[in-house]
Each structure stands twice: as C-alpha cells, then as structure tokens.
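If you use the working numbering, the sequence shown corresponds to residues 2 to 94, in order.
Glycine included, each C-beta is placed from N, C-alpha and C at the ideal position.
Here the structure comes first, spelled out in structure tokens, and everything after it is commentary.
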Amino acid sequence: MNTPVRLARQSLADRDRLFEFLTETNLAAAERAMSVLSQAFEDIAAFPEIGRAGPNGYRQLIVRFGKAGYEIRYRLYPDRAVITRIFHTREDR
C-alpha cells in the first residue's frame, strides 16, 4: 500500500518557480522536469524511506535531470509523507 504524499505550500512554490525558470528557455525541458519530479513523488509514495536520512527528521532524495538534478526534502509521518522543499542541485540556497 502506498503512503500518501502531500506537497507543503513552500514545495508547491518551489515547483512553480523551477517550472517558470525552465519555460523561459525550453518548455519541453520544463515539462520533462515536472514529469521527473512527479515520478519521484510516486517513488516516495511506494518506498517512503528511499531518501537519505537528513537532519531534524527530514529525508533527502536526489533526482537526476540532465547534467544535474533536483533535491526533494521531505518528512515522514505515520500516515503520510510531506514534501517540504524542492531545489535544483546547482541552486544557491
């Protein structure tokens, strides 16, 4: 049985920001990136502990995309996984 995955408000803003950045130069790449992220959310649902354990109870999943990728930060709860942030791996944070 899959774990429900929810996106926190900030992760929704992150996803939108990343999509908008890519659409400025390459709409097809932006659509592929969103597909890769959606697949990663499905992977988290199927295998909640797939990400590496991080600080303060968070987990981190690196998803390759092109020459770099995305970092998905999430937290596991008994009844769900909550995606808290999404970053490009080359992004200054």
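Starting from residue i, follow its DSSP beta bridges and name the residues at the other end.
i	result
Leu19	None; Leu19 has no bridge partner.
Quick one, which of the options has its alpha-carbon nearest residue i's?
i	options	result
Leu77	Ile51, Gln11 and Leu28	Ile51
Arg16	Val83, Asn27 and Ala34	Ala34
Asn3	Gln61, Ala47 and Tyr71	Ala47
Val64	Arg74, Ala14 and Glu25	Arg74
Where does residue i fall in DSSP's three states?
i	result
Gly70	strand
Ile45	helix
Thr26	coil
Can you tell me the Cα-Cα spacing of residue i and residue j, whole angstroms?
i	j	result
Asp93	Leu8	22 Å
Glu25	Glu32	12 Å
Pro79	Tyr59	14 Å
Would you say residue i lies against chain D (beta-carbon separation less than 8 Å)?
i	result
Arg86	In the structure shown, chain D cannot be found, because there is only a single protein chain.
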